[in-house]
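Reviewing the structure listed below.
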Amino acid sequence: MARAIVVQRFPKVLREIQRAVSLVNQDANEKIFYTADPDEAAELARDEEEVVVVSSQVFSPDVSGTTLASKIKRENPRALFFLYSYTPEHAPQIDGIIPKTPTHHLLAEFLSFVVGSDFQATQLQSRFPQIEFSSDK
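In structure tokens, the structure reads:
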């Protein structure tokens, strides 16, 4: 089972996400670590073998979701990192993007799936295939 970490700078939004997940799957909600502190998320992700981090994009002028992804991937290359944002930044260290919605329902369903999954038997490409776009056209 993968460990899920949600890091969001606004505590009110963090509580809304928790509530949305509990409506989808209360058991899953109890297995997710929620924090508003990017450093705390990075520290926890460093020691987890199977970890999925979902992060907002902006924390401060110096810390973004993309810089947090770089830090986490440096310390734990097996970690999966997803941005949850209205205006996501595409970068190599970002494994995927979850569109931010007012009710957080997409994120809640994703997190419920993550904490119930066995990622040990799969490879990154089969879990989240990368799509290459051609600029020939």
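In terms of this note's numbering, the sequence shown is residues 16 to 152.
Even glycine gets a Cβ: it sits at the ideal position worked out from N, Cα and C.
My understanding is that Asn40 touches Ser132, with C-beta atoms under 8 Å, so please give their C-beta distance in whole angstroms. Not quite, the Cβ-Cβ distance comes to about 12 Å (not below 8 Å), so this is no contact.
Taking its Cβ as the centre, do 16 or more other Cβ atoms sit within 10 Å of Arg18, making it buried, or is it exposed? buried
Fill in: Contact set for Val22: own chain, Cβ-Cβ below 6 Å, skip 5 residues either direction
Thr50, Pro53, Ala56, Ser70
Query raised in the report: Which stretch, first to last residue, makes up the alpha helix (DSSP H) that contains Gly80?
Result: 80-90
### Message
Quick test of your reading: Arg9 and Glu64, contact by CB under 8 Å. State the CB separation rounded to the nearest angstrom.
### Response
Summary: the structure shown does not reach residue 9, with the chain confined to residues 16 through 152, and so no result is reported for it.
> Ile32 and Ala60 look like a contact to me (Cβ under 8 Å); what is the Cβ gap, rounded to whole Å?
Replying inline: Their Cβ separation, rounded to whole angstroms, is 18 Å, which puts Ile32 and Ala60 out of contact at 8 Å.
*Every unbroken beta strand (DSSP E) inside the segment 40-76 [3 residues or more]*: 47-50, 66-70
Can you tell me whether DSSP reads Ala136 as helix, strand or coil?
Residue confidence for Ala136 is low, a pLDDT of 45 falling below 50, so the modelled location carries little weight; the figure read from the coordinates is stated next. Three-state result, Ala136: coil.
Practice task
Kindly list the residues whose CB is nearer than 8 Å to the CB of Leu38, restricted to its own chain and excluding five residues on each side of it in sequence; keep chain order.
Solution key: The beta carbon of Leu38 lies closer than 8 Å to those of Ala123 in the same chain, with the five residues before and after it left out.
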